[in-house]
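Going left to right, the sequence shown walks through residues 4 to 240 as the working numbering numbers them.
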Amino acid sequence: MPSTKNEGCIARNRALHGSVTDPLTSSSDSLQSSNTCPLICFQESGTTFGIIQRYDNPRLASSEYILYGKVEADIMGSPGRGIISSFYLQSDDLDEIDIAEVFGDRDNVYQTNFFVKGDVATYGEGSYHLMPSSSTENFHRYGVRWTESEIEWTIDGNVVRHKEGGLLPSSPMKVILSLWVGGDETNNPGTVVWAGGPTDFNQLPFYMYVKNVFVENYSGGDYYVYGKDQPVSIEYD
């Protein structure tokens, strides 16, 4: 939908009731995609995200929003220079929490970050964290706990980062998982460098694996309604 940063644009987001656990072994109402196999393939062991050809960008997104909460997933990232396995929260007015940006060419680190209303000046909030073991050969459980006053990032149940106070995301957000080519040379040069360099498309295909997604909403209600200069209100059916 259009950004709520525009005058007169009002967001009305359906709220997740309580919590949901999705093994991602089949299509569900909780996490949805316009992609089909081979880009998004549901299997007994979880879901495979595939970049089969250039410009593929397989993506799953929650159908409902959370206003503060806890989110976790088991992810094995894709190897490949410039290939990014992403797990994040994002609002309609571009609040964002990057739970994990997993790099295809560096399996020993991953990145966390957050943005407020799309302000790229907060790129400086990005932090890198050492992996317990390879991010592209093993599953790891990436997570975040988000409240009005703090954000806490975890990996395999261990806290790796804590941000308290200051300007933090405050709009309802959906959960998103995606696999994308940061190293495509049509991207901004800074993005290509950040992603690890130009992607070699002779190495196609690239695969990311995800299972056991958990999402908990800390707020009640049926809908979250807000707009530019209009605080979030909670509506009930």
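From the three backbone atoms N, C-alpha and C, an ideal C-beta is built for every residue, glycine too.
In this structure glutamate 219 touches lysine 73 by the C-beta definition: roughly 4 Å separates them, less than 8 Å. Only residues of its own chain outside the window of five on either side were considered, and among them Gly53, Ile55 have a CB closer than 6 Å to the CB of proline 41, listed in chain order. With respect to the 8 Å criterion, serine 65 and isoleucine 78 are not classified as neighbours on the basis of their beta carbons. Judged by beta-carbon spacing, lysine 177 lies beyond the 8 Å limit of cysteine 12, meaning their Cβ atoms are not closer than that value. The C-alpha of arginine 17 is placed about 11 Å away from the C-alpha of glycine 223. By the neighbour-count criterion, in which 16 or more other beta carbons inside 10 Å mark a residue as buried, aspartate 101 falls on the buried side.
Annotation for valine 195: the continuous alpha helix (DSSP H) segment containing it runs 192–198. Residue burial annotation: leucine 63 is buried, with at least 16 other C-beta atoms found within 10 angstroms of its C-beta. Here the segment 143–161 does not lie against the segment 25–33, with fewer than 3 beta-carbon pairs under 8 Å apart.
The alpha-carbon separation between methionine 134 and threonine 157 amounts to approximately 11 Å. For the pair alanine 103 and tyrosine 145, the CB atoms are nearer than the 8 Å cut-off. Between phenylalanine 117 and isoleucine 154, the beta carbon gap of about 6 Å places them in contact (Cβ cut-off 8 Å).
Inclusion of isoleucine 86 and threonine 189 in the CB contact set at 8 Å is not warranted, their separation being larger than that value.
Taking each of Arg57, Leu70, Phe90, Gly21 in turn and checking the Cα distance to methionine 211, the smallest one comes out for Phe90.
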